[in-house]
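Read through the structure below, which is laid out as structure tokens, and then see the notes.
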Amino acid sequence: MQANLEHVVDKVDSPSYSESEPELGDTPSAQEPEFEPMGILQEKDATPEKRPGDVAGKIMALAGLGVFTIYSWALVLSNDPVSMKWFALHPTLQSLGVLLFGLGILVLQPTTMNQPKAKARGFAFHQSLILFCGVPALVIGTLAIIRQKVDHESEHFTTWHGTLGIIAVSWLVLQIVLGGGSVWNKGRLFGSNPKRIYKYHRASGYLLFPLFLFVIYLGGGWSKWTSNVGSKPLVIIAYVVGPLAALVGVLSRARCVILSLHGPFA
Ligand code: HEM
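Every letter in the sequence shown is one number past the one before it in full-length UniProt numbering, and letter 93, counting from 1, is 93.
Printed below as a string of structure tokens:
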């Protein structure tokens, strides 16, 4: 799938604008000339936009995402996964899906207008990680727990974890429509100003990702299953410290100016 993002990443009018751009890019070949007339550095001269704390934020996010994913897999694999039936797919694929979402966000943070190739690479990664890996993992993991409950004739969505989980998964569908619709096929789905819609995709993503982390915290930190099979200190590290670290790490790298719905990119 080849996304065309010219309409999303075209340069802002404001000459005073100097911070990072929307962290996306078009195909490398298509984008570069577009930036030159604006007097912006060519990529070979460009230095990546860095802010103190970006590297620490990335490490923190990766550690947080890694810790709950690894622990979820370890808990399932060390507790006779076959006997768990469909449930074995739930903590494993859900944590993996959220890890991939986190990676998909991290690869877009922060690349700059003066790095069209880096932006394009980041965007291609973003799509692959999220759409082709994270979303299928999350959908299968969700269907697995629903199927498990159907098999046991249990009631659905009886906990905050289950309720917020299904809300987050439903929101994810909207998130994909906003993101895909504003970039695929030149964003024609949203008419003349897909860039504006793209801003909603980005802002919504920064709300949805914390919701997923909160759902992990509830599912891992408060479910009977983890308290039965896990060790309390490790459960706390994996499902309280892990999601919190991922949240702080990812948010610390976000550029607020880009998130503004009414700013120069609106
Ligand atoms: C963001 C990731 C996750 C999402 C979206 C999610 C979603 C859901 C949903 C929708 C249900 C209810 C299904 C139904 O009632 O039919 C559920 C149940 C459950 N989930 Fe998750 N889940 C996630 C991560 C996890 C993790 C990491 C664990 C464990 C470490 C976990 C453990 C459980 C357990 C034990 C249940 C059954 C009890 C209950 O309904 O709360 N979940 N999950």
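C-beta: ideal position from N, C-alpha, C; glycine also.
C-beta contact flag for residue i and residue j at 8 Å
{"i": "residue 219", "j": "residue 235", "result": "no"}
{"i": "residue 144", "j": "residue 86", "result": "yes"}
{"i": "residue 68", "j": "residue 242", "result": "yes"}
{"i": "residue 106", "j": "residue 168", "result": "no"}
{"i": "residue 75", "j": "residue 229", "result": "yes"}
{"i": "residue 217", "j": "residue 240", "result": "yes"}
{"i": "residue 174", "j": "residue 215", "result": "no"}
{"i": "residue 95", "j": "residue 72", "result": "yes"}
{"i": "residue 137", "j": "residue 97", "result": "yes"}
{"i": "residue 139", "j": "residue 176", "result": "no"}
{"i": "residue 201", "j": "residue 182", "result": "yes"}
{"i": "residue 54", "j": "residue 110", "result": "yes"}
{"i": "residue 172", "j": "residue 213", "result": "no"}
{"i": "residue 57", "j": "residue 253", "result": "yes"}
{"i": "residue 244", "j": "residue 64", "result": "yes"}
{"i": "residue 161", "j": "residue 223", "result": "yes"}
For residue i, the three-state DSSP class (helix, strand or coil)
{"i": "residue 186", "result": "helix"}
{"i": "residue 80", "result": "coil"}
{"i": "residue 228", "result": "helix"}
{"i": "residue 256", "result": "helix"}
{"i": "residue 34", "result": "Confidence in residue 34 is poor, its pLDDT being 37 and thus under 50, which makes the residue's placement too unreliable to answer from."}
{"i": "residue 121", "result": "helix"}
{"i": "residue 162", "result": "helix"}
{"i": "residue 154", "result": "coil"}
{"i": "residue 50", "result": "coil"}
{"i": "residue 243", "result": "helix"}
{"i": "residue 110", "result": "coil"}
{"i": "residue 175", "result": "helix"}
{"i": "residue 127", "result": "helix"}
{"i": "residue 191", "result": "coil"}
{"i": "residue 68", "result": "helix"}
N-terminal and C-terminal residue of the alpha helix (DSSP H) that residue i is part of
{"i": "residue 95", "result": "89-106"}
{"i": "residue 220", "result": "194-222"}
{"i": "residue 147", "result": "135-151"}
Supposed close pair residue i, residue j - CB separation, criterion 8 Å
{"i": "residue 102", "j": "residue 203", "result": "About 17 Å separates the two Cβ atoms, so there is no contact after all."}
{"i": "residue 89", "j": "residue 130", "result": "Rounded, the Cβ-Cβ distance is 19 Å, inconsistent with contact."}
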